[in-house]
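As they're listed, the protein sequences go chains A and Z.
Residue numbering for the first sequence follows this note's numbering, beginning at 36 and increasing consecutively.
Residue numbering for the second sequence follows this note's numbering, beginning at -9 and increasing consecutively.
Encoded as structure tokens, the structure appears first; notes follow it.
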Amino acid sequence: MSTTASRATSAEGQVASGARNPVLEVKNLKTQFFTRSGIVFAVDDVSFEVAEGETLGIVGESGCGKSVTSLSIMRLVPNPPGKVVGGQINLTVDGKTRDITKVSDSEMRGVRGNDIAMIFQDPMTSLNPVYTIGDQICEPLMLHMGLNRTEAEKRAIDLLKRVGIPGAEERFGAYPHQFSGGMRQRVMIAIALACNPKVLLADEPTTALDVTIQAQILDLMVGLNRDFGTAIILITHDLGVVAEVCQRVIVMYAGKIVEQGKAIDLFGNPQHPYTMGLLKSIPRLGHDVKERLAPIGGLPPDLLSPPKGCRFAPRCPRRQAKCDTPPPLIETRPGQMAACWFPGELAEDTVTATYIIGQG
Amino acid sequence: MVAATTNDRVVKASSALPDEILRIEHVKKYFEVGGGFLGGKKVSIRAVDDISFSVKRGETFGLVGESGCGKTTLGQTIIRLYEPTDGNILFNGSNLSKLSAGQMRPFRRDIQMIFQDPSASLDPRMTVGSVISEPLNIAGIGSRSERSEKVQDLLRVVGLNAYFANRYPHEFSGGQRQRIGIARALAMNPQLVICDEPVSALDVSIQAQVLNLLKQLQQQFNLTYLFIAHNLAVVAHIADRIGVMYLGKLVEVGDSRAITESPRHPYTQALISAIPLPQPGRIRQRIILEGDVPSPANPPSGCRFHPRCPIARSNCAEVEPSLEEKESGHWVACHYAS
């Protein structure tokens, strides 16, 4: 299983990212939580890579392991109860590759905020309320880049301007509570970009924002990726956001990657029944508004005791006896991979569509 | 069971007013903040400022807007969880805004509410059965066994097992809890259900299940919905007509199709263009609004949208546009709407 996955991943990398070098490579990552009720298999054998300047989306619903994946990359999984129990995370900076699951804590502090930066969902809880935003942007600059206070302030004001904060000089001394949600998220992005990171991990960066503000922030992120070549890993539950921003997409379900491919292929020709179900569940403008949605029946499995075979099988309209064996992630269309024994469009889909209108 | 009684009451009430179940006239809700013991300047937050619309029997009226636009306050003012500062709330012809708490009580049966967060709106120490039957107990409807039978009926109606009645809310997932909240709202055979962001806390696959359930129940029990949400795509999916709110004001009202396909107010146009669609590579014109929503404590003069409006002219800062019917059933509050 693991050999299949890693071979397939490198093939995918070549297809999607061309000659560009991978900056971050996640190999067979396993993160588990050791709780009183048992072991939670939160991330189970996940492999993917991100090339320089690429935008990769990781989508999935609550509990699918997308956030734990990003926390594992940053080594921020709360321990106990959580632990990365297996796999490698190879980070390549200036031609040097190292496995950051193995580096010391102090070396890791040099990676966080410097090579890999992260922005979180809620900008209010991730900014410190008792420091001015200027102080908070200067901190990584002085820490990682060795600037003195004056230089740091100058660059901080530059950064604030770049992320579109009006009156940057005056706002430099303001506190987080004096900013709106969208402005706080801009400040977070300014902090994340302070040290020119190679990879920006954005975990639900616009979920707490209104849709018109979300459009501003997404626009800003796309611009930064274009202008500075920062690779972006965007983690979200919103398929629309992924389609707007990402070149390549990974769909996760119950701790596993179930499908990955170029955004245009994945949305146009979903291979995994879960991806298809997700796309059919979203109300869209422009479609016949009175059309009934086709939700996925049932609930995601309990990760304390996930199904033995395919984890989606209990909710899957295509389930057959073979699904009791875990399906490998294999190429089902050029450049597109799915972990399913019966991928792609099937003739009997029209029949199954009525079946999946199930009950929670 | 439930359907029959609902229908009887609907027929009786509708003889007086065939079409309209709810009419909101110039409703205002201001909150006074500041002042008092610690001093400071007293300001009033104009959360809902002079809003009028009506809802037809059996339809779904969607209220959409971003955070702070006053949509939730308006919903809660309609059932008098907030006292309106001014204006009339006519429900089947009775003016709710003028009633005492005692006079209001019978109307509370007819108007029920479904809340956003299903884990916060269910008492964790009550079984599902007692959560659903509580309104029946309070109203003194039926014997103990009749009530228990009704609870089981309601659970089945919302797609849950009848034996769930003895379990506690924490044993259920978010989508299932929302179904319990819906069952509780239906217990009193309401005519109007105010749904305040009923699916925004749910994952997309579960969200679709609950939206389909709400549609099915509407037909089954002849319900009228006031559906409040920030997600225009969700609202457009379920609503027959939509009102778009911005900073305490209604800026556009019309049929769902008209609002989503030919929006006339520049704010609605921007709102629609900002919705990310799951169609990569699509080329479209996106209107990105600059700046943030201003504070409702000190709203801009004239048209409240003018500081962010791409087509604002000088008089927009001075004269407040009123909601005018630009074509049949399509109302817009803008001096220069297309």
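Idealized CB from N, CA, C, for every residue including glycine.
Bear in mind the structure is a predicted one, so any value in this text is a computation, not a measurement.
{"Query": "Quick one, which residues of the region 249 to 265 of chain Z are near chain A if we go by CB-CB under 9 Å, in chain order?", "Result": "Thr250, Glu251, Tyr257, Ala260, Leu261, Ile262, Ser263, Ala264 and Ile265"}
{"Query": "If you draw a straight line from the alpha carbon of valine 277 (chain A) to that of valine 246 (chain A), how long is it in whole angstroms?", "Result": "14 Å"}
{"Query": "Please give me, in chain order, every unbroken run of the beta strand (DSSP E) with length at least 3 that falls completely inside the region 145 to 216 of chain Z.", "Result": "182 to 186"}
{"Query": "Near aspartate 359 (chain A), what residues of its chain come up, given a Cβ to Cβ distance below 6 Å and the 5 sequence neighbours on each side ignored?", "Result": "Gly344"}
{"Query": "Can at least three beta-carbon pairs, one atom from the region 78 to 92 of chain A and one from the region 277 to 293 of chain A, be found at a separation below 8 Å?", "Result": "yes"}
{"Query": "Return no unless some Cβ of chain A is closer than 7 Å to the Cβ of glycine 271 (chain Z).", "Result": "yes"}
{"Query": "For alanine 298 (chain A), go through chain Z and note every residue whose CB falls closer than 9 Å to its CB, in chain order.", "Result": "Pro270 and Gly271"}
{"Query": "What are the uninterrupted segments assigned as alpha helix (DSSP H) that are 4 or more residues long and contained completely in the region 281 to 307 of chain A, given in chain order?", "Result": "298 to 303"}
{"Query": "Residues in the same chain with beta-carbon distance under 7 Å from threonine 67 (chain Z), minus the five sequence neighbours each way, listed in chain order, please.", "Result": "Val17, Lys19, Val38 and Pro74"}
{"Query": "Just the chain A side, please: which residues come within less than 9 Å of leucine 207 (chain Z) by C-beta, in chain order?", "Result": "By Cβ distance, chain A contributes nothing, its closest Cβ being about 13 Å from leucine 207 (chain Z), past 9 Å."}
{"Query": "Applying the criterion that 16 or more other CB atoms from any shown protein chain within 10 Å of the CB defines a buried residue, is tyrosine 236 (chain Z) buried or exposed?", "Result": "buried"}
{"Query": "Can you pull the chain Z neighbours of methionine 218 (chain A), defined as C-beta to C-beta under 9 Å?", "Result": "Asp282"}
{"Query": "Return the CA-CA distance between methionine 177 (chain A) and arginine 190 (chain A), expressed in angstroms with no decimal places.", "Result": "11 Å"}
{"Query": "Just to confirm, is the Cβ distance from alanine 307 (chain Z) to histidine 320 (chain Z) under 7 Å?", "Result": "no"}
{"Query": "Tell me the residue span of the beta strand (DSSP E) that contains proline 211 (chain A).", "Result": "Note, proline 211 (chain A): premise wrong, no beta strand (DSSP E); not H, not E."}
{"Query": "Glycine 275 (chain A) CB to nearest chain Z CB: under 7 Å?", "Result": "yes"}
{"Query": "I need the boundaries of the alpha helix (DSSP H) containing threonine 250 (chain Z), first residue and last residue.", "Result": "246 to 251"}
{"Query": "Give the secondary structure of glutamate 186 (chain A) by DSSP, where H, G and I count as helix, E and B as strand, and everything else as coil.", "Result": "helix"}
{"Query": "Helix, strand or coil, according to DSSP, for threonine 66 (chain A) in the structure here?", "Result": "strand"}
{"Query": "Would you call the region 112 to 131 of chain A and the region 294 to 311 of chain A in contact, with 3 or more CB pairs under 8 Å?", "Result": "no"}
{"Query": "In this structure, does DSSP put threonine 75 (chain Z) in helix, strand or coil?", "Result": "coil"}
{"Query": "Closer than 9 Å, Cβ to Cβ, to anything on chain Z: give me those residues from the region 309 to 320 of chain A, in chain order.", "Result": "Tyr309, Gly312, Leu313, Leu314, Lys315, Ser316, Ile317, Pro318, Arg319 and Leu320"}
{"Query": "Taking a contact to mean a Cβ-Cβ separation below 7 Å, would you say leucine 144 (chain Z) touches leucine 176 (chain Z) in this structure?", "Result": "yes"}
{"Query": "Is the beta carbon of arginine 283 (chain A) closer than 7 Å to that of lysine 297 (chain A)?", "Result": "yes"}
{"Query": "Could you check what DSSP says for valine 257 (chain A) in three-state terms: helix, strand or coil?", "Result": "helix"}
{"Query": "Can the beta-carbon of isoleucine 301 (chain Z) be found less than 7 Å from the beta-carbon of proline 256 (chain Z)?", "Result": "yes"}
{"Query": "Between glutamate 49 (chain Z) and the rest of its own chain, which residues show a CB-CB distance below 7 Å, the 5 nearest in sequence each way excluded?", "Result": "Thr214, Asp230 and Arg231"}
{"Query": "Buried or exposed: which applies to leucine 339 (chain A), given that a residue is buried once 16 or more other Cβ atoms fall within 10 Å of its Cβ?", "Result": "exposed"}
{"Query": "If contact means a Cβ-Cβ distance below 9 Å, which residues of the region 256 to 288 of chain A contact chain Z?", "Result": "His272, Asp273, Leu274, Gly275, Val276, Val277, Ala278, Glu279, Val280, Cys281, Gln282 and Val284"}
{"Query": "Does the beta carbon of valine 246 (chain A) come closer than 7 Å to any beta carbon on chain Z?", "Result": "yes"}
{"Query": "Considering only residues of the same chain and omitting the five flanking positions on each side of arginine 298 (chain Z), which have a CB-CB separation below 7 Å?", "Result": "Leu279, Glu280 and Gly281"}
{"Query": "Tell me, which residues are paired with methionine 103 (chain Z) by DSSP?", "Result": "Z:Ile184"}
{"Query": "Ignore the nearest five residues each way along the sequence and tell me which others in glycine 181 (chain A)'s own chain have a CB closer than 8 Å to its CB.", "Result": "none"}
{"Query": "Going along chain Z in order, which residues have a C-beta closer than 7 Å to the C-beta of alanine 250 (chain A)?", "Result": "Ala264, Arg276 and Ile278"}
{"Query": "From Z:Lys31, Z:Arg36, Z:Leu12 and Z:Ala198, pick the residue whose C-alpha is nearest to that of arginine 294 (chain Z); which is it?", "Result": "Z:Arg36"}
{"Query": "Quick one: give me the first and last residue of the beta strand (DSSP E) that isoleucine 11 (chain Z) is part of.", "Result": "10 to 23"}
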